[in-house]
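Q: First the structure, which I've put down as C-alpha cells, then a few questions once you've had a look.
2 protein chains.
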Amino acid sequence: MLALTRKTDYALIALSYLVEQQTQGDNPVSAKRIAETFGLPLPLLMNILKELVQAKILASTRGPRGGYSLATEPAQLSLLEVITALEGPIRLTQCADRLPVLGQGCELSANCPIRGTVRSLHQRINQFLADMTLQDLYEDKMEPAGVTGSSDKVAGRGCACRNKIESPYTEPRQTA
Amino acid sequence: MLALTRKTDYALIALSYLVEQQTQGDNPVSAKRIAETFGLPLPLLMNILKELVQAKILASTRGPRGGYSLATEPAQLSLLEVITALEGPIRLTQCADRLPVLGQGCELSANCPIRGTVRSLHQRINQFLADMTLQDLYEDKMEPAGVTGSSDKVAGRGCACRNKIESPYTEPRQTA
DNA sequence: TGATTCAGCACCAATCCGATACTAATATTC
DNA sequence: GAATATTAGTATCGGATTGGTGCTGAATCA
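From first to last, the protein sequence lines are chains A and B. Position one of the first sequence corresponds to residue 9 (the numbering used here), numbered consecutively onward. Position one of the second sequence corresponds to residue 9 (the numbering used here), numbered consecutively onward.
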C-alpha cells in the first residue's frame with residue numbers, strides 16, 4: 009500500500025522524543041513514560057523499543073531509573089535505518105532490489121517492462137530516507153512544516169499519536 | 009511496509025504491454041493474451057483490468073476480438089493515478105495527508121513530533137509518482153536502467169512476472 | 001446459435017499487522 | 001537480601017489486507 013506501518017510511526021515518535029529529553033539531560037527515558045506522553049499502547053511500544061535495541065539504534069538500562077537512550081548521534085541515524093530495522097528492507101515491488109541477473113528469481117529480468125521505473129522510484133525513496141536523519145526529524149518538530157497539502161484525497165484513519173501532549177505522567181486513555 | 013501491492017505490479021506490466029501493442033496498431037488486447045505473455049494468473053489479472061476500466065484508465069470491448077485498450081494518452085497517465093485507482097490514496101502514515109486541523113483525527117496535530125517529516129516524505133513520493141507517466145514507464149523498458157544498485161539488503165521473493173517473454177501465445181505455466 | 005470476451009459478485013486461504021500476556025533477567029533502593 | 005522498577009524474550013490472538021479463484025450474466029461477433 010505504499011505505507012509505513014504503525015510500528016514505524018511509533019518508533020519515530022519515540023525517537024524524536026528521546027532526542028528532546030536527551031537534549032535536556034534527561035536520560036534514560038522509560039518506555040512507560042513515552043507511552044504515557046503520547047498515549048501509545050505500552051506493550052506494543054515496548055516491543056518496538058526492544059527491536060530498536062537489537063538493531064543497536066537504542067541502548068537500554070534495566071532496573072529502577074532505567075529506560076532507553078539513543079545509541080547513536082541523532083544526526084548520524086537515518087530514517088532508512090529505523091525503517092529497515094522494523095520493517096525489513098524496503099522493496100517497492102518484489103524485484104525492486106534485485107540485481108539484473110538472469111534466472112535470479114525473476115526470469116524476465118532485463119526484459120521486465122517495469123524494472124527500470126520501479127528501480128528508479130525505489131532508489132529515490134531510499135535516498136530520501138537515507139538522507140533524512142533523526143536530527144532532521146527532531147528539528148522538523150521545532151518548526152512545523154507549512155501546509156503545502158494538495159490533499160484532495162484523504163484516507164480516513166486515526167493518527168498514530170492518540171493523546172494530547174501536556175506533561176508526562178498525565179493519565180492516558182480516559183474512560184474508554 | 010512501504011511496498012506496492014502485486015496488483016499494482018501486474019497493472020503496470022499490463023499497461024506497459026498495452027502501450028507497446030497499441031504502438032504496433034494491435035488493438036484491443038485481451039486479458040488472456042496479457043496473462044499468457046507474462047505468466048500472470050488470468051482471473052486476478054482480469055480483476056485488476058476491471059478496476060482500471062472503472063477508473064477510466066482502460067476501455068474495454070466485449071466479444072470475440074475484444075479486449076482492453078488505453079483510455080488515455082500514455083504521456084497523460086501518471087503512475088499516481090494507477091496506484092491510487094488500485095490501492096487507494098497513498099498515505100505513508102495515518103496522518104500523512106491530513107490537514108493540520110486540531111481535533112481532526114489527530115489530537116496532537118501541530119505538536120506531533122513527526123508530522124513535518126512524514127508530510128515531506130509523503131509529498132516527495134507523491135510528486136515523483138505524479139510526474140512519472142506511463143510513457144516513461146514504457147520508454148524505460150526500451151532502455152533498461154543502468155545498475156546503480158547499492159543493494160546489500162535483498163529481500164528474497166519472486167518477481168511479479170513469472171514467465172519469459174518470447175512471443176505471445178506460448179504456453180504459460182509449465183507442468184508445475 | 002454458439003463461441004469469445006468482459007462485468008459483477010462472492011468467496012477463500014494465507015499472510016501480516018496491531019496488540020496483549022506472561023515469565024525471566026537485571027538494576028536500584030531501602 | 002527483599003521489594004520494586006524496568007527491560008528481555010517469547011508466544012499468542014483477532015482482524016484486516018492481499019493474493020487468488022469461481023460462478024453467473026451480459027455483450028459482441030461469426
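Positions of the beta carbon are idealized from the N, C-alpha and C atoms, including for glycine.
Is the Cβ of I56/A closer than 8 Å to any Cβ of chain B?
A: No, because no Cβ of chain B sits closer than 8 Å to the Cβ of I56/A.
Q: If contacts are defined as beta-carbon pairs under 8 Å, then L53/B and A79/B qualify, I think. What distance do you get, rounded to the angstrom?
A: The pair is not a contact, with the Cβ atoms about 18 Å apart (cut-off 8 Å).
Q: Count the other CB atoms, across all protein chains shown, that sit within 10 Å of the CB of R132/B; report buried if there are 16 or more and exposed otherwise.
A: R132/B should be labelled exposed.
Q: When the Cα of E147/B is compared with those of L129/A, L145/A, E147/A, G124/A, which residue comes out closest?
A: Considering only alpha carbons, the answer is G124/A.
Q: Report all residues from its chain with a CB closer than 8 Å to the CB of L100/A; omit the five preceding and five following residues, and keep chain order.
A: Around L100/A: L10, V126, L129, H130, I133.
Q: Per DSSP, P37/A is paired with what?
A: Rather than Pro, the amino acid found at residue 37/A in this sequence is Val. According to DSSP, which records beta bridges pairwise, V37/A is partnered with Y76/A.
Q: I133/A touches chain B at which residues, Cβ-Cβ below 9 Å?
A: The answer, in chain order, is L10, L129, R132, I133, F136.
Q: Can you name the residues of chain A whose CB is closer than 7 Å to the CB of Y25/B?
A: Under the 7 Å cutoff, chain A gives P121.
Q: For the candidate residues G71/B, V37/B, L145/B, whose alpha-carbon lies nearest to that of L87/B?
A: L87/B has its Cα closest to that of L145/B, out of G71/B, V37/B, L145/B.
Q: Are L186/B and L66/B touching if we call contact CB-CB under 8 Å?
A: The first residue shown for chain B is 9 and the last is 184, placing residue 186/B beyond what the model contains.
Q: For A67/A, which residues does DSSP report across the bridge?
A: Answer is S77/A.
Q: When the Cα of L50/A is compared with those of K64/A, I98/A, A19/A, which residue comes out closest?
A: Out of K64/A, I98/A, A19/A, A19/A has the C-alpha closest to the C-alpha of L50/A.
Q: Spatial neighbours of Q143/A within its chain, please: C-beta separation below 7 Å, excluding the five flanking residues on both sides.
A: Excluding positions up to five away in sequence, the list reads P82, A83.
Q: Name the residues in the region 76-100 of chain A whose C-beta lies less than 8 Å from a C-beta of chain B; which are they?
A: Answer set for the region 76-100 of chain A: L87, I91, T92, E95, G96, P97, I98, R99, L100.
Q: Which whole-angstrom value is the C-beta distance of V90/B and T16/B, which I expect to be below 8 Å?
A: Indeed they touch by this definition, with Cβ atoms about 7 Å apart.
Q: Here's the rule: buried if 16 or more other CB atoms are within 10 angstroms of the residue's CB, otherwise exposed. What is P121/B?
A: Its Cβ being crowded by 16 or more others within 10 Å, P121/B is buried.
Q: Should Q32/A go down as buried or exposed, given a rule of 16 or more other Cβ atoms within 10 Å for buried?
A: So Q32/A counts as exposed.
Q: Does the Cβ-Cβ distance between Y76/A and V37/A come in under 8 Å?
A: Yes. Within cutoff.
Q: What residues in its chain sit with their C-beta under 7 Å from that of K40/A, if we drop five residues either side in the sequence?
A: These residues qualify, in order along the chain: L50.
Q: Comparing the CB of R70/B with every heavy atom of the ligand HEM, is any distance shorter than 7 Å?
A: With respect to the ligand HEM, the structure offers nothing, as it holds no ligand at all.
Q: Let's test the definition: count the other Cβ atoms within 10 Å of the Cβ of Q135/A and tell me whether it reaches 16, buried, or not, exposed.
A: Answer is exposed; the Cβ neighbour count stays below 16.
Q: I'd like to know whether the C-beta of L42/B is nearer than 8 Å to at least one C-beta of chain A.
A: Contrary to the premise, residue 42/B reads as Ile rather than Leu in this sequence. Not an interface residue.
Q: Would you identify the three-state DSSP class for T92/A, choosing helix, strand or coil?
A: Here T92/A sits in helix by DSSP.
Q: Would D34/A count as contacting chain B if we go by Cβ distances under 8 Å?
A: Closer than 8 Å: no.
Q: Answer yes or no: do L94/A and T141/A have a C-beta to C-beta separation smaller than 8 Å?
A: In this structure, T141/A does not lie closer than 8 Å to L94/A by Cβ.
Q: Within 10 Å of its beta-carbon, does T69/A have 16 or more other beta-carbons around it, so buried, or fewer, so exposed?
A: Its Cβ having fewer than 16 others within 10 Å, T69/A is exposed.
Q: Taking the C-alpha atoms as reference points, what is the distance between E44/B and N55/B?
A: E44/B and N55/B: Cα-Cα distance of roughly 15 Å.
Q: Suppose you measure from the CA of R14/A to the CA of L137/A; what does that come to, to the nearest Å?
A: Taking the straight line joining both Cα atoms gives about 17 Å.
Q: Report the partner residues of S24/B according to the DSSP bridge assignment.
A: According to DSSP, S24/B bridges with nothing at all.
Q: At a Cβ threshold of 8 Å, is D231/B touching chain A?
A: Coverage of chain B is limited to positions 9 through 184, which leaves residue 231/B absent and any answer about it impossible.
Q: Keeping to the same chain, check which residues put their C-beta closer than 7 Å to that of E59/B; ignore five residues upstream and five downstream.
A: So the qualifying residues of the chain are A93, L94.
Q: Using a Cβ cut-off of 8 Å, pull out every chain B residue sitting near T13/A, in sequence order please.
A: Near T13/A (Cβ distances below 8 Å), the residues of chain B are M9.
Q: Please confirm if I209/A has its CB atom under 8 Å from at least one CB of chain B.
A: A query on residue 209/A cannot be resolved here, the shown segment of chain A reaching from 9 to 184 and no further.
Q: If the cut is a Cβ gap below 7 Å, which residues of chain B does Q125/A touch?
A: First, the amino acid is wrong: residue 125/A is Thr here, not Gln. Within 7 Å Cβ-Cβ: M140, D144, L145, D148.
Q: My output table needs one value for T141/A: the three-state DSSP class, helix, strand or coil.
A: Note: T141/A maps to strand in three-state DSSP.
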